[in-house]
Amino acid sequence: MFTGIVEEKGSIKAIQSGAHSIRLTASCRKVLDGSRIGDSIAVNGICLTAAELGPDWFIADVMPETMRRTNLQHLRPQDPVNLERALKFGDRLGGHLVSGHIDGTGKLIRRIAEDNAIWLTIEADPAILHYVIAKGSIALNGVSLTVAGINSQFLQVSLIPHTADSTTLKELRVGDLINIECDLIGKYIEKLLLKPAADPCSGNENGSDYGISSKKWVWLNFRASRFAKVLRPDEI
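Counted from 1, the sequence shown has number 99 at position 99 by the numbering used here; the numbering is strictly sequential.
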């Protein structure tokens, strides 16, 4: 588990490609402090396992499923990456709960400056945007951010100078793919409320009696939307 507060900007030192997988070497220093082989390190928001450790690098294996769902397939040597060690119990939770399990990628379609902020507009699949709410939390390339606006095709975030300077988001260009992880709490709530499931503890194989109807779910979404900042096409 992570917080989305990037600890270090590292870089890709080397990539060894398999048929549908890679073995990457990341150059870094801070995230190696206290790390051991087998520990989790988030690379651009992706939870990877440190298979080997060196004085200023670590190696991780990336399986085909991770390659399909993330932007790691586009990385090249010398590319910068956001790095974060796993959360320790007792630490401050400065961002939000981030699992490091990417839902998919979005494409940066616009970036503009407003005073000290940088606005990013990201096009994403409706299946991903379904779990995104205005003023909610989202992880982009492993960075915990607040959703500033959303519609059926896009989401927007605004970067403060510290976030821009401390992460790789400042270096993104229009057309770049971005790893997206939605707030996992919303996904659990939806499954528990909308889709009654078999209860292995009680032996009820036909589903439990909790849950709400689709009509009720639509009504709840309508009520929630009244309080959300929803982008119009002319605001993108």
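All C-beta atoms in this analysis are idealised placements derived from N, C-alpha and C, irrespective of residue type, glycine included.
Going by C-alpha to C-alpha distance, which of the options sits closest to residue i?
| i | options | result |
| --- | --- | --- |
| residue 104 | 30, 73, 115 and 113 | 73 |
| residue 123 | 176, 168 and 143 | 176 |
| residue 90 | 52, 182, 186 and 3 | 3 |
| residue 36 | 139, 178, 60 and 80 | 60 |
| residue 151 | 114, 140 and 129 | 129 |
| residue 11 | 24, 102, 165 and 185 | 24 |
| residue 22 | 102, 51, 85 and 148 | 51 |
| residue 34 | 140, 53 and 20 | 53 |
| residue 5 | 19, 44 and 27 | 44 |
| residue 183 | 191, 139, 160 and 167 | 139 |
Who are residue i's beta bridge partners in DSSP?
| i | result |
| --- | --- |
| residue 182 | 138 |
| residue 144 | 139 |
| residue 110 | 121 |
| residue 105 | 179 |
| residue 80 | 11 |
| residue 133 | For residue 133, which the question treats as bridged, DSSP gives no partner whatsoever. |
Would you call residue i buried or exposed, if buried means 16 or more other Cβ atoms sit within 10 Å of its Cβ?
| i | result |
| --- | --- |
| residue 146 | exposed |
| residue 171 | exposed |
| residue 78 | exposed |
| residue 173 | exposed |
| residue 58 | buried |
| residue 156 | buried |
| residue 16 | exposed |
| residue 189 | exposed |
| residue 20 | exposed |
Once DSSP output is grouped into helix, strand and coil, what is the label at residue i?
| i | result |
| --- | --- |
| residue 75 | coil |
| residue 172 | coil |
| residue 120 | strand |
| residue 150 | strand |
| residue 97 | coil |
| residue 304 | With the chain running from 1 to 236 in the structure shown, residue 304 is simply not present. |
| residue 160 | coil |
| residue 41 | strand |
| residue 87 | coil |
Where are the beta strand (DSSP E) runs, 3 residues long or more, that stay fully inside the region 2-37, in chain order?
-> Fully enclosed beta strand (DSSP E) runs of 3 or longer: 8-17 and 22-27.
Which parts of the region 49-75 are runs of the alpha helix (DSSP H), unbroken and 4 residues or longer, counting only runs that do not cross its ends?
-> Segments of the alpha helix (DSSP H) lying fully in the region 49-75: 64-69.
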